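Since the structure comes first, as structure tokens, the remarks are kept for the end.
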Amino acid sequence: MAYTTQMDAARKGILTPQMARVAEKENMDPKALMELVACGKVAICANKKHTCLDPEGVGSMLRTKINVNLGVSRDCKDYDVEMEKVMSAVKLGAEAIMDLSSHGNTQP
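The sequence shown maps to residues 225 to 332 in the numbering used here.
The structure is reproduced here in structure tokens:
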């Protein structure tokens, strides 16, 4: 691989598949997006180990995204309630879900 991060690729003039997908979703010229990534005005959320997820762009000149934070804690330990929140977030079209669990087992 000729790059390590999306920013590294953009700075080298390499349009990655993730950049192309984000440009498509944002109805934006891919080269314009690549310039924003290169100068740090846009971050592309994509993990090479999570291939089933669609990359998202966050930053300047892009749509506002919905991010849902949830998780179990010492005071709120109900895993099933948190999973209901996940399902609602997916149903309502959230682009990102972050597990901020700070206590106990977070696996079913």
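Backbone N, C-alpha and C define an ideal beta-carbon position, used for all residues, glycine too.
The structure displayed is predicted, hence computed values, not measured ones.
When the options are compared against residue i, the one with the closest alpha-carbon
| i | options | result |
| --- | --- | --- |
| Ser312 | Arg298, Asp302, Leu294 | Leu294 |
| Glu319 | Glu308, Asp278, Glu250, Ala233 | Asp278 |
| Val282 | Ser297, Lys309, Lys236, Met243 | Met243 |
| Met285 | Leu239, Glu250, Asn271, Cys269 | Glu250 |
| Ser326 | Glu306, Cys269, Leu316 | Glu306 |
| Ala270 | Val314, Gln230, Leu316 | Gln230 |
| Met258 | Lys315, Asp302, Ala233, Ile321 | Ala233 |
| Val296 | Met252, Met322, Gly317, Lys273 | Met322 |
Distance between residue j and residue i (C-alpha atoms, nearest Å)
| i | j | result |
| --- | --- | --- |
| Ala262 | Gly328 | 40 Å |
| Asp304 | Ala256 | 43 Å |
| Arg287 | Cys300 | 33 Å |
| Glu308 | Leu324 | 15 Å |
| Arg235 | Gly264 | 10 Å |
| Pro241 | Tyr227 | 13 Å |
| Val266 | Lys289 | 13 Å |
| Gly237 | Val314 | 34 Å |
| Glu248 | Arg298 | 42 Å |
| Leu239 | Pro254 | 8 Å |
| Leu260 | Glu280 | 14 Å |
Where the beta strand (DSSP E) through residue i begins and ends
| i | result |
| --- | --- |
| Glu306 | Run containing Glu306: none in the beta strand (DSSP E); it sits in the alpha helix (DSSP H), 303-315. |
| Ala320 | 320-323 |
Supposed contact pair residue j and residue i - C-beta distance, whole angstroms, cut 8 Å
| i | j | result |
| --- | --- | --- |
| Ile268 | Val292 | About 19 Å separates the two Cβ atoms, so there is no contact after all. |
Complete runs of the beta strand (DSSP E) confined to the segment 225-295 [at least 3 residues]: 266-269, 280-283, 291-294
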